[in-house]
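S.K.: Residue numbers (my numbering): 7 to 345.
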Amino acid sequence: MHSSVGQWIIYLLPPLVVAGFALLAILERRRLGPAAPAGFVDRNGWPVALFLIVAVGLWTVFMIVMPLMAMVDLSFRPKLAPPQWGGPKDFYTLENYRYFLFGSTTSTDAWNITHLKAFGLTIWVSILITILDFAICYPIAFYMARVAGPARLRLMMLLLIAPYWVNEILRAFAFRILFTQQGVINKALLAMGLIDQPVDFIAADVALYSGLAYAYLLMMMFALYNAIETLDKNLIEAARDLGAPWWHIHTFIVIPHAKPGIGSGATLVFMLTAGSIAAPLILGGPKTLWFTPIVYDRFYQAFNWQQGAAYALILLAACVVFVLGVLKLFRLGLGEIAR
């Protein structure tokens, strides 16, 4: 397919999808009839509804849909000089995706081990960091929502938020200073006699994984706190009166109620971790494999924006699959985790 034809098809897809969703919403309201709940326009009036529709629509189209569609279009184009764009050589091709798999636009004899390994490691570590952040944040969020008084809650909120007033890049450099062979952690371990010589935490990626887990901790924390805070305290009291142990209360009462918060926090932490660029560049060791620096390299080192677009879409597809997996695992609707 010639790129000029395919470009029109790609840019027509978003309006068609929006029209499809609008049609489904209209059919759903007609099916429910009088039992249908009051719509947004009925609750807020036409002026407010029209303003929000126009504002959100413009933001979505110009800041999300059009750049994404341009990226999709670019990912299927061959690398050509600008004067050749739209010419006879400008056909849609899968060579950029083939390069991701095989390291070549023509040969399929060997796998592109470096890029595939970096992609797999990025996804796997992002999942582990998401689980780690949940394990760290859940007890703190539960304490803040169900145990802490107003004064202590305000203090804990301040202590959580204050470190994030510092720029993310500066925090990454601070972690690098902490984990270097002459850093605070190695000096403390040497002084306590726990190690005989400094440990290279940078090369072992300990600094990277710690920095990533810390960078997006608040995303999980506030999502869990908001979900647990809405839990009726009487449910917990009733379970305790009936003799339920603490683990039973959390497993069968608190966590099921907090599923939307868990899903929302997991989605945010995973996507931000998988798409992080500053932390891997600053905290990564000489042999660190992380996918986003490879995407950056395609754009700004190899000057191959077509391959960079394909790599970025592959990472986006992995994030979408993760979100759908979270929805399936927790049996949630998309609206529940966006609430």
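We put the beta carbon where it would ideally sit given N, CA and C, even for glycine.
#1: Closest by CA to Ser270, which one among Ala25, Leu330, Phe108 and Gly92?
#2: Quick check on the DSSP output: what are the complete alpha helix (DSSP H) runs of length 4 or more inside the stretch 220–284, in order along the chain?
#3: Here's the rule: buried if 16 or more other CB atoms are within 10 angstroms of the residue's CB, otherwise exposed. What is Val327?
#4: Verify whether the separation of the beta carbon atoms of Met150 and Leu159 is less than 7 angstroms.
#5: Using C-beta distances below 7 angstroms, list every residue in its chain close to Asn192, excluding the 5 sequence neighbours before and after it, in chain order.
#6: Below 7 angstroms between beta carbons: does that hold for Glu101 and Thr111?
#7: I'd like to check one pair, Phe148 with Leu234: are the Cβ atoms closer than 7 angstroms?
#8: CB-CB under 8 angstroms to Leu274, same chain, minus the five flanking residues each way: which ones, in chain order?
#9: Taking 6 angstroms as the cut-off, is the CB of Arg83 close to at least one heavy atom of the ligand MN?
#10: For His8, which residues in the same chain have their Cβ closer than 8 angstroms to its Cβ, ignoring the five residues on either side in sequence?
#11: Could you tell me the distance, in whole angstroms, from the CA atom of Tyr105 to the CA atom of Gln312?
#12: Taking only the alpha-carbon atoms, compute the straight-line gap between Gln188 and Ile175 and give it to the nearest angstrom.
#13: Cα separation between Val78 and Val172?
#14: Rounded to the nearest angstrom, how far is the Cβ of Gly291 from that of Ile208, given a contact under 8 angstroms?
#15: Please classify Met277: is it buried, with 16 or more other beta-carbons within 10 angstroms of its beta-carbon, or exposed?
#16: So, for Tyr215: in the same chain, excluding its five sequence neighbours on each side, which residues have a beta-carbon less than 7 angstroms away from its beta-carbon?
#17: Among the candidates Ala194, Pro266 and Phe305, whose CA atom is the shortest distance from the CA of Leu333?
M.R.: Well, looking at it:
#1: Here residue 270 refers to the residue found at position 264 when the sequence shown is read from its first residue. Check the Cα spacing between Ser270 and each of Ala25, Leu330, Phe108 and Gly92: the tightest is with Leu330.
#2: If we require 4 residues or more, the alpha helix (DSSP H) runs fully inside the stretch 220–284 come out as 223–235, 239–247, 252–255 and 265–280.
#3: In the sequence shown, the residue the question calls residue 327 occupies position 321. With a 10 Å radius around the Cβ and a threshold of 16 neighbouring Cβ atoms, Val327 comes out exposed.
#4: Start at 1 with the first residue of the sequence shown, and residue 150 comes out as number 144. Start at 1 with the first residue of the sequence shown, and residue 159 comes out as number 153. Contact: yes.
#5: Your numbering for residue 192 matches position 186 in the sequence shown. Counting only Cβ-Cβ distances below 7 angstroms, and skipping sequence neighbours, we find Pro204 and Val205.
#6: To locate residue 101, count along the sequence shown from 1; it is residue 95. To locate residue 111, count along the sequence shown from 1; it is residue 105. It is a contact, given that the beta carbons lie within the stated cut-off.
#7: Stepping through the sequence shown from its first residue, residue 234 is reached at position 228. Stepping through the sequence shown from its first residue, residue 148 is reached at position 142. Per the sequence shown, residue 234 should be read as Ile rather than Leu. Their beta carbons are under 7 angstroms apart, which means Ile234 touches Phe148 by this criterion.
#8: On the sequence shown, residue 274 is found 268 positions in, with the first residue counted as 1. So the list reads Tyr222, Met225, Met226 and Ala229, once near-sequence residues are dropped.
#9: Here there are no bound small molecules, and the ligand MN is not part of this structure.
#10: For the purposes of this step, residue 8 is taken as the residue at position 2 of the sequence shown. With a pLDDT of 48 at His8, under the threshold of 50, the predicted position of this residue should be treated as unreliable, and no value is reported.
#11: Numbered from its first residue, the sequence shown carries residue 105 at position 99. Numbered from its first residue, the sequence shown carries residue 312 at position 306. Going from the Cα of Tyr105 to the Cα of Gln312 covers about 11 angstroms.
#12: Here residue 188 refers to the residue found at position 182 of the sequence shown. Here residue 175 refers to the residue found at position 169 of the sequence shown. In a straight line, the C-alpha of Gln188 is about 20 angstroms away from that of Ile175.
#13: As a position in the sequence shown, residue 78 is number 72, starting the count at 1. As a position in the sequence shown, residue 172 is number 166, starting the count at 1. Each residue's Cα considered, the two are about 35 angstroms apart.
#14: As a working note, residue 291 is residue 285 in the sequence shown. As a working note, residue 208 is residue 202 in the sequence shown. The pair is a contact, with the Cβ atoms about 5 angstroms apart (cut-off 8 angstroms).
#15: Sequence index remark: in the sequence shown, residue 277 carries index 271 (1-based). With 16 or more Cβ atoms within 10 Å of its Cβ, Met277 is classed as buried.
#16: To locate residue 215, count along the sequence shown from 1; it is residue 209. Cβ within range, chain order: Val131 and Ile135.
#17: Start at 1 with the first residue of the sequence shown, and residue 333 comes out as number 327. The shortest C-alpha separation from Leu333 is found at Pro266.
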